[in-house]
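Accompanying notes for the structure given below.
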Amino acid sequence: MAKRGGFPGMGMPGNMNNLMKQAQKMQRQMEEAQKNLEELEMTAAAGGGVVEVTVSGKKEVTKVKIDPEAVDPDDVEMLEDLIMAATNEALRKIEEASQQSMSAITGGMGAGLF
């Protein structure tokens, strides 16, 4: 039987080259997804909508809206809790969008690769 050229057992370079190309493609997709996520904004409300907080994909608060009826000088703690709840929910939404975006890119990777 005639062998194809090269060294015995060296069938890997073609596969390695393929893996490198796939990794580079995935890296470009992840960079693009990250850029898109940074441009994303999520808004969440608390207290039936009396407090709204908007967070960017960079996880920075970009807007806070407070209905005047939520402002009670005798109960500042309630307003603080509403702001915290709305901010945490907006951050959770950003994180969820981020995970979905990354999952869409890496979802094609089989466990057999590693």
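Take any residue in the sequence shown, count from 1 to its spot, add 31: that is its number in our numbering. By construction, the Cβ of each residue, glycine as well, lies at the ideal position given by its N, Cα and C atoms.
Within the model, the alpha-carbon separation for M73 versus T85 is close to 5 Å. In terms of Cβ geometry, L71 and I125 form a close pair [threshold 8 Å].
When the Cα atoms are used, T93 and M47 turn out to be separated by approximately 44 Å. Taking 8 Å as the upper bound for CB-CB distance, L122 and K96 are not in contact here, some 16 Å apart. Rounded to whole angstroms, the separation of the alpha carbons of A128 and E120 is 12 Å. For A77, the beta-bridge partners assigned by DSSP are V82.
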